[in-house]
Every structure is written in C-alpha cells, then in structure tokens.
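Per UniProt numbering, the sequence shown starts with residue 1, numbered consecutively. Just so it is clear, CB atoms sit at the ideal spot from N, CA and C, and this is done for glycine as well. Computed from a prediction, not measured in an experiment: that's the story for all the values here. A short write-up of the structure that comes next.
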Amino acid sequence: MATEQTEDIPIADEMIRLGQLLKLAGLVEDGASARMLLADDAVQVNNETETRRGRQLHPGDVLEIDLPTGLRRLQVTRG
C-alpha cells in the first residue's frame with residue numbers, strides 16, 4: 001500500500017462527509033453506490049475500516065479505497 005500515489009482532494013469547508021467525498025472524487029455516482037462500496041469494507045479512513053457514509057472527514061484525513069480497478073489513496077486537503 002505504501003507504493004500507491006496519494007491524490008489530494010481539496011474541500012472548501014472544514015469538513016465533508018465520506019459519501020460526499022466519494023462523489024467529489026468521482027468514485028461513486030450517488031449515495032446508493034457509496035453505501036454499497038462501504039458495505040463491502042472497501043474503504044479505510046486513517047487505516048481503519050469505515051462503513052458510515054456520514055463519517056466526517058477533515059483536512060489531513062487519508063482514505064484508501066479498494067476498487068475493482070485497483071487501490072486508490074486520497075488525502076483530504078483544504079482548498
């Protein structure tokens with residue numbers, strides 16, 4: 001996992017919910033898709049598996065998403 005490149009995802013506010021970030025990053029199209037991804041235990045936030053779509057994320061948080069196309073690593077940044 002350490003070899004994966006981290007992609008910065010800038011947010012305008014101090015906080016964004018996980019489902020919103022997944023849509024912003026283009027990984028899901030809607031809340032239902034986000035729920036399915038989370039139900040598969042495919043998302044980690046700061047090295048912990050996350051299943052809550054409403055989880056609050058802040059600048060500095062790091063996500064790893066295990067997609068069929070490969071692992072994506074994202075970092076929330078202030079934009």
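Exercise for the section: Take the Cβ of Gln5 as the centre, count every other Cβ of all protein chains shown within 10 Å, and call the residue buried at 16 or more, exposed below. Expected result: exposed
Handout entry: Cβ-Cβ distance between Asn46 and Val28 below 8 angstroms
Key = No. Outside cutoff.
Practice task
Out of Gly54, Gly70 and Leu71, point me to the one whose CA is closest to Met15's CA.
Solution key: Gly54
Exercise for the section: For my contact list, Arg52 and Leu18 are in at a C-beta cut-off of 8 angstroms; report their separation, rounded to the angstrom. Expected result: 7 angstroms
Problem - Cβ neighbours of Arg35 in the same chain (closer than 7 angstroms, five flanking residues each side left out) - result: Arg53
Exercise for the section: Could you tell me how far apart the beta carbons of residue 94 and Asp13 are, in whole angstroms, since I believe they sit closer than 8 angstroms? Expected result: No statement about residue 94 is possible, as the shown extent of the chain runs from 1 to 79 and does not include it.
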